[in-house]
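Q: Below is one structure. I have some questions about it.
Protein chains: 2
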Amino acid sequence: MRAVIMDAPGRITVGEREDPRILKPTDAIIRITATCICGSDLWPYRGVEPVDRTPMGHEYVGVVEEVGDEVKTVRPGDFVVGSFVISCGECEICESGYPSKCVNSEFVSATIGTQAERARIPHADGTLVKTPGRPDPDLIPSLLAASDVLGTGWFAADAAQAGPGKTVVVVGDGAVGLMGVLAAKQLGAERIIAMSHHPERQRLAREFGATDIVEERGSEGAARIRELTGGLGAHSVIEAVGTEESLLQAIRSCRAGGHIGFVGVAHRGVTIPADRLFFAEVHLHGGPAPVRRYLPELIRLIWERRIEPGRVFDLTLPLEEAAAGYEAMDRRTAVKVLLTV
Amino acid sequence: MRAVIMDAPGRITVGEREDPRILKPTDAIIRITATCICGSDLWPYRGVEPVDRTPMGHEYVGVVEEVGDEVKTVRPGDFVVGSFVISCGECEICESGYPSKCVNSEFVSATIGTQAERARIPHADGTLVKTPGRPDPDLIPSLLAASDVLGTGWFAADAAQAGPGKTVVVVGDGAVGLMGVLAAKQLGAERIIAMSHHPERQRLAREFGATDIVEERGSEGAARIRELTGGLGAHSVIEAVGTEESLLQAIRSCRAGGHIGFVGVAHRGVTIPADRLFFAEVHLHGGPAPVRRYLPELIRLIWERRIEPGRVFDLTLPLEEAAAGYEAMDRRTAVKVLLTV
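Protein chains in written order, with UniProt numbering: chain X, 1 to 341; chain Z, 1 to 341.
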């Protein structure tokens with residue numbers, strides 16, 4: 001089958017990989033309908049993480065082709081959305097709502113690679129959710145977004161306890177930050193302040209529900225947030241970058257007793273000053289998003305056309321042109337790239 | 001009046017200070033009955049924080065002598081317990097349950113100093129809580145503990161969501177950690193694992209409700225906690241030290257989706273590795289404890305003799321012998337020292 005391979009930092013090729021096959025009775029093989037490029041794929045692309053002829057991709061929607069003997073909830077022909085983390089759905093951690101930390105978890109990006117024609121999905125029952133039927137083509141981008149970027153933004157908004165009466169600050173105007181705006185809006189937040197100094201992303205943020213834009217960063221950004229929140233800071237803050245600067249920005253933007261949902265992937269060497277966190281007296285919760293927990297609800301909202309997260313994709317390319325997609329995201333000329341298969 | 005002064009690191013004297021007087025209509029003057037030495041008083045004592053002829057002390061119980069015209073809830077003659085942070089009780093932050101971050105907050109240690117015969121307590125209505133009557137002498141140590149060390153341990157257990165069915169790990173066997181054990185027990189935790197390698201403190205921890213003791217630290221300590229929790233880590237972790245090692249110990253001891261309450265005062269330069277926190281996927285909440293929020297409940301439990309946190313004091317000295325008390329705590333020959341006035 002055809003598949004995207006990152007040969008080395010900055011070098012994307014589309015070549016041949018062996019077709020996947022059922023290895024365990026809990027596996028499913030799916031034919032990928034659409035996949036995409038994640039901000040986290042840029043880390044190896046930029047040489048920040050090691051890469052060596054690595055199959056890429058962890059976001060996916062598609063049609064089940066074959067299932068192992070023990071798979072109960074999906075059948076060949078079903079259209080499915082899956083999480084970017086494989087989860088068994090049965091362990092104590094899955095049952096507590098954290099499938100992304102399942103004791104049998106596996107990152108799809110590390111071993112499977114869904115920027116390809118097909119993929120083997122282990123623990124299919126615990127990882128995939130089928131849609132109510134075959135989706136209209138215009139729903140595909142939104143369903144694909146649910147696989148990671150929407151699910152991650154949703155988790156961040158949930159962890160930040162965005163809701164009625166709350167003021168929410170979103171640090172980071174990438175795809176996850178924008179989905180955080182959408183999620184905060186859906187969860188009923190009263191005011192949503194997007195921190196962005198990029199006109200195109202500001203426009204998208206407003207479309208998704210932002211009520212205010214703050215262009216300043218650092219101390220000036222924090223001062224602006226205080227101004228907008230009666231001197232107290234926001235009730236809820238979504239951190240969707242993962243650097244020391246953005247984490248501090250989040251801490252400084254949050255009121256005492258407030259909640260920060262942090263989903264920007266923090267890399268080795270990034271640290272949080274413990275005294276700043278201590279004296280800010282905020283709640284901090286984040287990590288790899290437990291997308292599978294939210295999928296049934298997100299699919300429902302998309303199916304009923306109450307949300308349209310697929311608008312976050314501003315460039316669509318065929319799988320064969322994946323290299324151009326990586327380049328566009330690296331240069332920030334595209335927010336997020338969808339690859340059709 | 002007589003008062004404890006820290007002249008310089010390691011140098012404690014008891015000398016004369018001017019008697020406090022009402023400065024604002026919301027002030028109260030209290031005659032101190034008992035005060036104590038806090039683990040945080042050891043930071044300047046050890047030269048980690050600057051000190052220069054500083055009045056010391058922020059924990060206190062006593063009798064109201066005089067009140068300003070606007071004070072409504074306490075009267076001369078009332079026996080009161082106060083928080084170690086002054087709070088107005090009326091701002092949005094106080095009302096949300098975070099009096100320790102009140103917009104009018106003031107640390108008692110910074111400006112007032114309760115290791116003395118008398119103290120002026122600003123915002124008396126928002127800071128002090130009167131007891132149901134004049135306490136029996138044997139209740140004094142427990143009421144004094146509520147002023148900070150019990151309130152702080154209680155906040156940690158609450159932030160860690162200790163409760164029925166939960167396994168709680170307590171990192172730190174100082175007075176706050178021991179109070180965290182007591183609080184976890186009161187909140188109904190099923191299993192309480194105290195990390196300590198000091199036999200005397202292990203004994204106290206067991207008295208306060210610890211069901212297990214782990215003597216190992218670092219990787220071995222984390223492995224032992226995993227062994228005791230089915231490989232998953234604890235639901236709740238109390239961090240009561242404030243160093244990088246103890247924060248990491250807490251993160252490594254907590255299961256995904258679990259809660260860490262951190263109350264060890266983190267000093268400048270202490271950092272949390274953001275990637276470790278991210279991939280652990282825990283909840284983290286802490287800071288200066290909002291003791292005032294808990295005082296009515298804690299006073300009730302003490303008054304009804306359902307808890308006896310005063311047992312945490314293992315050395316009682318008159319105010320005049322404060323220097324010996326500091327020395328005992330610095331050398332860890334005493335867990336916590338009560339000073340009678």
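Cβ coordinates follow ideal geometry from the N, Cα and C atoms, glycine included.
According to DSSP, which residues form a beta bridge with residue 212 of chain Z?
A: Along the second sequence, one-based indexing puts residue 212 of chain Z at 212. Per DSSP, Z:193.
Q: Could you tell me which chain Z residues have their CB closer than 8 angstroms to the CB of residue 98 of chain X, listed as they occur along the chain?
A: In the first sequence, counting from the first residue as 1, residue 98 of chain X sits at position 98. Residues of chain Z passing the Cβ test: 256, 257, 281.
Q: I'd like the span of the alpha helix (DSSP H) that includes residue 56 of chain X, first residue to last.
A: Here residue 56 of chain X refers to the residue found at position 56 of the first sequence. Segment: none, residue 56 of chain X is in no alpha helix (DSSP H) and carries neither H nor E.
Q: With a cut-off of 8 angstroms on the beta carbons, I'd call residue 57 of chain X and residue 35 of chain X a contact; round off their distance for me.
A: Reading the first sequence from its first residue, position 57 is the one you call residue 57 of chain X. Reading the first sequence from its first residue, position 35 is the one you call residue 35 of chain X. That belief holds up - the Cβ atoms of residue 57 of chain X and residue 35 of chain X are roughly 5 angstroms apart, short of 8 angstroms.
Q: Pull up the CB-CB distance for residue 171 of chain X and residue 250 of chain X, whole angstroms please, since I reckon it's below 8 angstroms.
A: Here the question's residue 171 of chain X lines up with position 171 in the first sequence. Here the question's residue 250 of chain X lines up with position 250 in the first sequence. Confirmed, about 5 angstroms.
Q: Give me the residue from X:164, X:295, X:292, X:204 with the minimum Cα distance to residue 314 of chain X.
A: The residue labelled residue 314 of chain X in the question sits at position 314 within the first sequence. Taking only the C-alpha atoms, the option nearest residue 314 of chain X is X:204.
Q: With 7 angstroms as the limit, tell me which residues of the region 170-188 of chain Z have their beta carbon closer than that to any beta carbon of chain X; keep them in chain order.
A: Residues passing the 7 angstroms Cβ filter: none.
Q: Where does residue 252 of chain X fall in DSSP's three states?
A: Here residue 252 of chain X refers to the residue found at position 252 of the first sequence. Residue state, collapsed to three classes: helix.
Q: Okay, do the region 291-301 of chain X and the region 316-336 of chain X touch, 3+ Cβ pairs below 8 angstroms being the bar?
A: No: fewer than three Cβ pairs fall under 8 angstroms.
Q: Please report the Cβ distance between residue 295 of chain X and residue 61 of chain X, rounded to the nearest whole angstrom; I am assuming they are in contact, meaning their Cβ atoms lie under 8 angstroms.
A: In the first sequence, residue 295 of chain X corresponds to position 295, counting from 1. In the first sequence, residue 61 of chain X corresponds to position 61, counting from 1. Contact flag wrong, Cβ pair sits at about 11 angstroms.
Q: Check whether the Cβ atoms of residue 28 of chain Z and residue 66 of chain Z lie closer than 8 angstroms to each other.
A: Here residue 28 of chain Z corresponds to residue number 28 of the second sequence, with the count starting at 1. Here residue 66 of chain Z corresponds to residue number 66 of the second sequence, with the count starting at 1. Yes. Within cutoff.
Q: When you compare only the Cα positions, how much space is there between residue 93 of chain Z and residue 147 of chain Z?
A: Working through the second sequence from its first residue, we reach residue 93 of chain Z at position 93. Working through the second sequence from its first residue, we reach residue 147 of chain Z at position 147. Using only the alpha carbons, I get a separation of about 20 angstroms.
Q: Taking residue 193 of chain Z as the reference, which of Z:26, Z:200, Z:233 has the closest Cα?
A: The residue given as residue 193 of chain Z occupies position 193 in the second sequence. Checked all of Z:26, Z:200, Z:233; the closest Cα to residue 193 of chain Z is Z:233.
Q: Report yes if the C-beta distance between residue 123 of chain Z and residue 89 of chain Z is below 8 angstroms; otherwise report no.
A: Mapped onto the second sequence, residue 123 of chain Z falls at position 123. Mapped onto the second sequence, residue 89 of chain Z falls at position 89. Yes, Cβ-Cβ distance for residue 123 of chain Z and residue 89 of chain Z is below 8 angstroms.
Q: Does the separation of the CB atoms of residue 82 of chain Z and residue 121 of chain Z fall below 8 angstroms?
A: For the purposes of this step, residue 82 of chain Z is identified with residue 82 of the second sequence, where counting begins at 1. For the purposes of this step, residue 121 of chain Z is identified with residue 121 of the second sequence, where counting begins at 1. Yes, Cβ-Cβ distance for residue 82 of chain Z and residue 121 of chain Z is below 8 angstroms.
Q: Examine chain Z for any beta-carbon lying closer than 8 angstroms to the beta-carbon of residue 42 of chain X, and answer yes or no.
A: Your numbering for residue 42 of chain X matches position 42 in the first sequence. Not one chain Z Cβ lies under 8 angstroms of residue 42 of chain X.
Q: Can you name, in chain order, every residue of its own chain whose Cβ lies under 7 angstroms from the Cβ of residue 276 of chain X, other than the five neighbours on each side?
A: In the first sequence, counting from the first residue as 1, residue 276 of chain X sits at position 276. Once the five neighbours on either side are set aside, the close Cβ partners of residue 276 of chain X are 248, 251.
Q: Just to confirm the assignment, what range does the beta strand (DSSP E) spanning residue 32 of chain Z have?
A: Here residue 32 of chain Z corresponds to residue number 32 of the second sequence, with the count starting at 1. Run containing residue 32 of chain Z: 28-37, per the beta strand (DSSP E) assignment.
Q: Identify whether residue 307 of chain Z lies in helix, strand or coil by the three-state DSSP scheme.
A: As a first step, residue 307 of chain Z must be located in the second sequence, where it is residue number 307. It is coil, neither helix nor strand.
Q: Could one say the Cβ of residue 286 of chain Z lies closer than 8 angstroms to chain X's Cβ atoms, at least one of them?
A: Stepping through the second sequence from its first residue, residue 286 of chain Z is reached at position 286. So, interface residue.
Q: Any chance you could list the alpha helix (DSSP H) runs of at least 4 consecutive residues sitting entirely within the region 101-188 of chain Z, in chain order?
A: If we require 4 residues or more, the alpha helix (DSSP H) runs fully inside the region 101-188 of chain Z come out as 108-111, 124-127, 140-146, 149-159, 175-186.
Q: So is residue 23 of chain Z buried or exposed if we call it buried at 16+ other beta carbons inside 10 Å?
A: The residue given as residue 23 of chain Z occupies position 23 in the second sequence. Classification for residue 23 of chain Z: exposed.
Q: Taking only runs of the alpha helix (DSSP H) that begin and end inside the region 254-323 of chain Z, which ones reach a length of at least 4 residues, in chain order?
A: List check, alpha helix (DSSP H) in window: 274-280, 291-303.
Q: For the candidate residues Z:115, Z:104, Z:101, whose alpha-carbon lies nearest to that of residue 3 of chain Z?
A: If you number the second sequence from 1, residue 3 of chain Z lands on position 3. Of Z:115, Z:104, Z:101, the residue nearest in Cα terms is Z:115.
Q: Take the Cβ of residue 111 of chain Z as the centre, count every other Cβ of all protein chains shown within 10 Å, and call the residue buried at 16 or more, exposed below.
A: Looking up residue 111 of chain Z in the second sequence gives position 111. Under this definition residue 111 of chain Z is an exposed residue.
Q: Going by the beta-carbon positions, is the gap between residue 17 of chain Z and residue 55 of chain Z smaller than 8 angstroms?
A: Stepping through the second sequence from its first residue, residue 17 of chain Z is reached at position 17. Stepping through the second sequence from its first residue, residue 55 of chain Z is reached at position 55. Cβ distance < 8 angstroms, so residue 17 of chain Z and residue 55 of chain Z count as in contact.
Q: Which chain Z residues sit within Cβ distance under 7 angstroms of residue 358 of chain X?
A: With chain X covering 1 to 341 only, the question about residue 358 of chain X has no answer from this structure.
Q: When DSSP labels each residue in this structure, what does residue 201 of chain X get in the three-state scheme?
A: Within the first sequence, residue 201 of chain X is the residue found at index 201, counting from 1. Helix at residue 201 of chain X.
Q: How close, in whole Å, do the beta carbons of residue 270 of chain X and residue 242 of chain X come, if the pair is a contact with beta carbons under 8 angstroms?
A: Position 270 of the first sequence, counting from 1, holds the residue named residue 270 of chain X. Position 242 of the first sequence, counting from 1, holds the residue named residue 242 of chain X. Yes, they are in contact, since the Cβ atoms of residue 270 of chain X and residue 242 of chain X sit about 7 angstroms apart, within 8 angstroms.
Q: Would you say residue 278 of chain Z lies against chain X (beta-carbon separation less than 8 angstroms)?
A: Your numbering for residue 278 of chain Z matches position 278 in the second sequence. Cβ-Cβ to chain X under 8 angstroms: yes for residue 278 of chain Z.
Q: Could you pull out every residue in the same chain whose Cβ sits closer than 7 angstroms to the Cβ of residue 76 of chain Z, ignoring the five residues on either side in sequence?
A: Position 76 of the second sequence, counting from 1, holds the residue named residue 76 of chain Z. Closer than 7 angstroms at the Cβ level, and outside the excluded window around residue 76 of chain Z, lie 64, 65, 66, 67.
Q: Could you check whether residue 266 of chain Z and residue 274 of chain X sit closer than 8 angstroms to each other, using their CB atoms as the reference points?
A: What you label residue 274 of chain X is simply residue 274 of the first sequence in a count that begins at 1. What you label residue 266 of chain Z is simply residue 266 of the second sequence in a count that begins at 1. Cβ atoms of residue 274 of chain X and residue 266 of chain Z: closer than 8 angstroms.
Q: In chain X, which residues lie less than 7 angstroms from residue 267 of chain Z when you measure between Cβ atoms?
A: By one-based count along the second sequence, residue 267 of chain Z stands at place 267. Chain X residues near residue 267 of chain Z: 275.
Q: Report, in whole angstroms, the separation of the C-beta atoms of residue 117 of chain X and residue 32 of chain X, which I expect to be a contact under 8 angstroms.
A: Within the first sequence, residue 117 of chain X is the residue found at index 117, counting from 1. Within the first sequence, residue 32 of chain X is the residue found at index 32, counting from 1. The Cβ separation is near 6 angstroms, so the contact holds.
Q: Quick one, which of Z:74, Z:254, Z:70, Z:41 has its alpha-carbon nearest residue 26 of chain Z's?
A: One-based indexing of the second sequence puts residue 26 of chain Z at position 26. It is Z:70.
Q: Who are the Cβ neighbours of residue 258 of chain X in its own chain at under 6 angstroms, not counting the five residues just before and after it?
A: Stepping through the first sequence from its first residue, residue 258 of chain X is reached at position 258. Excluding sequence neighbours, residue 258 of chain X sits near 235, 282.
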